[in-house]
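Numbering of the sequence shown is given in the working numbering, commencing with residue 1 and proceeding in unit increments. Here's the structure, in structure tokens; my notes come after.
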Amino acid sequence: MKAVRRSRYCGASGVIPVVFMVMVAVGMSPTRVKAQANGATTQGQVTFAKDVAPILQQKCQDCHRSGSMAPMSLITYEETRPWARAIRQRVLTRTMPPWHLDKSLGIQHFKNDISLSDEQIDTIVRWIDAGAPLGNPNDMPPPRVWPNDDGWQLAKQFGAPDMVISSDPYTMPAHGQDVWWKPYTAVPVTEPRWVRAVEIRPATPAGRRIMHHVLARLQQDEPDQRSSLFVGTDTQNDGPGLLMEWAIGKNYDIYRPNTGKLLLPGSHIWWELHLHAVGQEITDRAELAIYLYPKGQEPKYRTYLMAYGATQSDDGPLLDIRPNSIAETEGYHVLRRPARLENFQPHMHLRGCSAMWTISILIG
Numbered sequence: 001m002k003a004v005r006r007s008r009y010c011g012a013s014g015v016i017p018v019v020f021m022v023m024v025a026v027g028m029s030p031t032r033v034k035a036q037a038n039g040a041t042t043q044g045q046v047t048f049a050k051d052v053a054p055i056l057q058q059k060c061q062d063c064h065r066s067g068s069m070a071p072m073s074l075i076t077y078e079e080t081r082p083w084a085r086a087i088r089q090r091v092l093t094r095t096m097p098p099w100h101l102d103k104s105l106g107i108q109h110f111k112n113d114i115s116l117s118d119e120q121i122d123t124i125v126r127w128i129d130a131g132a133p134l135g136n137p138n139d140m141p142p143p144r145v146w147p148n149d150d151g152w153q154l155a156k157q158f159g160a161p162d163m164v165i166s167s168d169p170y171t172m173p174a175h176g177q178d179v180w181w182k183p184y185t186a187v188p189v190t191e192p193r194w195v196r197a198v199e200i201r202p203a204t205p206a207g208r209r210i211m212h213h214v215l216a217r218l219q220q221d222e223p224d225q226r227s228s229l230f231v232g233t234d235t236q237n238d239g240p241g242l243l244m245e246w247a248i249g250k251n252y253d254i255y256r257p258n259t260g261k262l263l264l265p266g267s268h269i270w271w272e273l274h275l276h277a278v279g280q281e282i283t284d285r286a287e288l289a290i291y292l293y294p295k296g297q298e299p300k301y302r303t304y305l306m307a308y309g310a311t312q313s314d315d316g317p318l319l320d321i322r323p324n325s326i327a328e329t330e331g332y333h334v335l336r337r338p339a340r341l342e343n344f345q346p347h348m349h350l351r352g353c354s355a356m357w358t359i360s361i362l363i364g
């Protein structure tokens, strides 16, 4: 079976627009919904307390809260009201919340779907067009209770991690270009062990402000070089692949029953921390929590997480986007043995227009 990956990147002149949240960019045409210009309905006026705050709690506040990635908090009315016009534009164009799946085809029912329904967009727009009133404060929903920033989210299900691995720290200056910090850390195992769940986080709440993403590549000497699942144009996929990748909105991986990742003695984590300046000098590191299967328990299936680079290589840049033009990259990957595709996550930043996988069954 052969998988072909094609990515399209769009160039543009002028200033890159500022967005509210980290964008995992799978380009799609903006969808507009028709919104009434007035702020009243037969059920009464749309207000922040009764109608808008519940939507923000459900769809926005994971990122738009103090200490998280988004540049402003949308917890209270006082915090939200100054951004009303910008919110109106972002929700009408479906720029925010960032959910860039094509809504016209394929699977649409996801547990963590943060996109707004047409009705929710209509509610927000009518509220803003009516002057963004607070309404009765007694109508406010109870505030969300946020997880302990010092705790692991998987601890509730699995308890304390079996091991925690940290990257070296990096001090990001207040101003400057983005940095890709790539240290190595040894994995403390003396015998083969199978992983059932992993979680990554910035070590401090301040680190969430500067970390765009974290990759934890697993590097180890495989007894059989054919253990790599793929053969193809991306040499970084030789071997076991990524242990995990982290970005705001994705904190952990729990593998399916009877499935896991294999750690071997002598293995290392090759980190990639993408850091950006926020006007304040911040020092932080990444932490990786690993939850193991009991000793002697070997799952039936081994899982791989592969990253297919499309923008650069050891020999120099592969992608050069001319202004007002479209550039494409393409690569292929041949599966050495039958596999199940669990997920597909394009990560293309602001210039990504589309990404596509094509699966071909090779006969003969």
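In this text, a Cβ means the ideal position worked out from N, Cα and C, and glycines have one as well. Keep in mind that this is a model prediction, so the values were computed, not measured.
Could you tell me which residues DSSP pairs with residue i in its beta bridges?
{"i": "Pro202", "result": "Ala286"}
{"i": "Met69", "result": "Per DSSP, none; premise fails for Met69."}
{"i": "Thr190", "result": "None; Thr190 has no bridge partner."}
{"i": "Gln219", "result": "His268"}
{"i": "Leu341", "result": "Partner(s): none; Leu341 has no beta bridge."}
{"i": "Arg322", "result": "Bridge partners of Arg322: none, in fact."}
{"i": "His109", "result": "The partner list for His109 (beta bridge, DSSP) is empty, contrary to what the question assumes."}
{"i": "Leu242", "result": "Arg217 and Leu305"}
{"i": "Trp181", "result": "Leu273"}
{"i": "Met211", "result": "Leu275"}
In the structure shown, what three-state DSSP assignment does residue i receive?
{"i": "Leu92", "result": "helix"}
{"i": "Arg81", "result": "helix"}
{"i": "Gly260", "result": "strand"}
{"i": "Ile114", "result": "coil"}
{"i": "Asp149", "result": "coil"}
{"i": "Ala160", "result": "coil"}
{"i": "Val195", "result": "strand"}
{"i": "Ala174", "result": "coil"}
{"i": "His349", "result": "helix"}
{"i": "Asp253", "result": "strand"}
{"i": "Ala355", "result": "strand"}
{"i": "Leu56", "result": "helix"}
{"i": "Arg126", "result": "helix"}
{"i": "Ala247", "result": "strand"}
{"i": "Ile165", "result": "strand"}
Using a 10 Å radius around the Cβ and a threshold of 16 neighbouring Cβ atoms, would you call residue i buried or exposed?
{"i": "Pro265", "result": "exposed"}
{"i": "Met356", "result": "exposed"}
{"i": "Ser104", "result": "exposed"}
{"i": "Val214", "result": "buried"}
{"i": "Lys295", "result": "exposed"}
{"i": "Gly151", "result": "exposed"}
{"i": "Ile290", "result": "buried"}
{"i": "Gln61", "result": "buried"}
{"i": "Glu199", "result": "buried"}
{"i": "His64", "result": "buried"}
{"i": "Val145", "result": "exposed"}
{"i": "Leu341", "result": "exposed"}
{"i": "Asp118", "result": "exposed"}
{"i": "Arg336", "result": "exposed"}
{"i": "Thr358", "result": "exposed"}
{"i": "Ala186", "result": "exposed"}
{"i": "Pro143", "result": "exposed"}
{"i": "Pro173", "result": "exposed"}
{"i": "Thr303", "result": "buried"}
{"i": "Arg322", "result": "exposed"}
{"i": "Thr283", "result": "exposed"}
{"i": "Ser376", "result": "There is no way to answer for residue 376, as the model of the chain reaches only from 1 to 364."}
{"i": "Ile107", "result": "exposed"}
{"i": "Tyr170", "result": "buried"}
Select from the options the residue whose C-alpha is nearest the C-alpha of residue i.
{"i": "Lys250", "options": "Asn258, Met211 and Asp221", "result": "Met211"}
{"i": "Phe365", "options": "Asp168, Ser167, Val195 and His347", "result": "Past the boundaries of the shown model lies residue 365; the chain is included only from 1 to 364, so the question cannot be answered."}
{"i": "His100", "options": "Pro346, Ile359, Pro202 and Glu298", "result": "Pro346"}
{"i": "Asn324", "options": "Ile121, Arg65 and Arg351", "result": "Arg351"}
{"i": "Leu362", "options": "Cys353, Arg340, His333 and Leu341", "result": "His333"}
{"i": "Asp129", "options": "Leu92, Pro142 and Pro161", "result": "Leu92"}
{"i": "Glu222", "options": "Arg94, Gln57 and Leu263", "result": "Leu263"}
{"i": "Ala84", "options": "Pro98, Ile121 and Gln108", "result": "Ile121"}
{"i": "Met69", "options": "Arg193, Thr123, Pro202 and Gly106", "result": "Pro202"}
{"i": "Glu191", "options": "Arg285, Lys300, Gln220 and Ile326", "result": "Gln220"}
{"i": "Met306", "options": "Leu243, Met348, His349 and Pro143", "result": "Leu243"}
{"i": "Tyr293", "options": "Glu281, Ile269 and Arg256", "result": "Arg256"}
{"i": "Phe110", "options": "Ile124, Ser267 and Asn343", "result": "Asn343"}
{"i": "Lys59", "options": "Val46, Arg94, Ala339 and His268", "result": "Arg94"}
{"i": "Ile87", "options": "Pro338, His349 and Val125", "result": "Val125"}
{"i": "Gly241", "options": "Ile107, Ala247 and Gly260", "result": "Gly260"}
{"i": "Pro188", "options": "Glu298, Leu116, His268 and Pro98", "result": "His268"}
{"i": "Ile114", "options": "Asp149, Lys156, Asn258 and Leu56", "result": "Leu56"}
{"i": "Trp271", "options": "Ala197, Ala286 and Asn258", "result": "Ala286"}
Any chance the CB of residue i is under 7 Å from a heavy atom of the ligand MG?
{"i": "Lys103", "result": "No copy of the ligand MG appears in this structure; indeed no ligand is present at all."}
Indicate whether at least one CB of chain D lies closer than 8 Å to the CB of residue i.
{"i": "Asp129", "result": "Absent from the structure is chain D; it holds one protein chain and no more."}
Taking contact to mean at least 3 C-beta pairs separated by less than 8 Å, is the segment 128 to 135 in contact with the segment 45 to 55? Because the criterion of three Cβ pairs below 8 Å is met, the segment 128 to 135 and the segment 45 to 55 touch.
With contact counted as at least three CB pairs below 8 Å, one residue from each stretch, are the segment 252 to 260 and the segment 172 to 180 in contact? no
Does the count of Cβ pairs from the segment 274 to 281 and the segment 199 to 211 closer than 8 Å reach three? yes
Are there three or more Cβ pairs, one per stretch, closer than 8 Å when the segment 65 to 81 is compared with the segment 161 to 171? no
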